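Visitor: Structure below; questions to follow.
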Amino acid sequence: MKLQLTHLRLLVSNYKDSFLFYRDLLKFDVDWGDEDSGYAEFNTGYLKLGLFKKELMAEVVPRIEQPSYVVNRDKVVLIFAVDNVDEVYELVKAQNAIVVTQPQDRPDWGIRTAHFRDPDGNLIEIYNNLGIVS
């Protein structure tokens with residue numbers, strides 16, 4: 000059996016703002032959908048990033064109760080490699096994105112990172128390699 004991961008789908012409460020965030024701020028090309036369609040796919044390079052209205056997905060998949068600690072934690076982080084964390088951070092900050100962490104070198108990881116949230120609260124990490132050879 001062969002499994003191939005092809006998509007990462009975010010289930011969002013605010014579809015239109017999320018669509019505009021990924022299209023206009025992060026500059027992803029739209030492969031399918033628009034700001035009013037309720038579902039969209041963006042080309043990110045290797046994987047498709049899908050956005051889907053939570054209520055539309057709820058029509059397909061029944062609700063399953065989760066422990067309260069699950070609700071209060073991030074369940075996924077979208078991680079994007081960039082050429083320059085500081086440049087992308089300044090662009091995102093200038094567009095009033097929700098900044099979580101400023102650019103920071105993480106020598107133990109060999110990368111420089113910054114974190115922010117999309118309009119639906121999903122955590123996003125951007126990083127570039129520090130060029131550290133161990």
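In numbering that gives the first Met the number 0, the protein residues as written are 0 to 133.
Backbone N, C-alpha and C fix where the C-beta goes; we use that ideal spot for every residue, glycine too.
What you are looking at is a predicted structure, and each value in this text was computed from that prediction instead of being measured.
Which residue marks the beginning of the alpha helix (DSSP H) containing F79, and which one marks its end?
Guide: Here F79 belongs to no alpha helix (DSSP H); instead the beta strand (DSSP E) covers 76-80.
Visitor: Would you call A57 buried or exposed, if buried means 16 or more other Cβ atoms sit within 10 Å of its Cβ?
Guide: Result: exposed.
Visitor: Output needed for T43: all residues of its chain with C-beta closer than 7 Å, excluding positions within five of it in sequence on either side, in chain order.
Guide: Closer than 7 Å at the Cβ level, and outside the excluded window around T43, lie F27.
Visitor: Reducing DSSP to helix, strand and coil, say where E34 ends up.
Guide: E34 falls in the coil class under three-state DSSP.
Visitor: From F115, Q94, K15, pick the residue whose C-alpha is nearest to that of Y126; which is it?
Guide: Nearest C-alpha to Y126: F115.
Visitor: Within 10 angstroms of its Cβ, does A93 collect 16 or more other Cβ (buried), or is it exposed?
Guide: Classification for A93: exposed.
Visitor: Here's a check: name, in chain order, each residue in its chain whose Cβ is nearer than 8 Å to the Cβ of K47, leaving out the five neighbours to either side.
Guide: Within the same chain, K47 has close Cβ partners T5, H6, L7, D30, E40, F41.
Visitor: Quick check: I110 and L90, are their CB atoms within less than 9 Å of each other?
Guide: No, the pair does not count as a contact, with Cβ atoms beyond the cut-off.
Visitor: Are the beta-carbon atoms of F18 and L50 separated by less than 9 Å?
Guide: For F18 and L50, yes; Cβs fall inside 9 Å.
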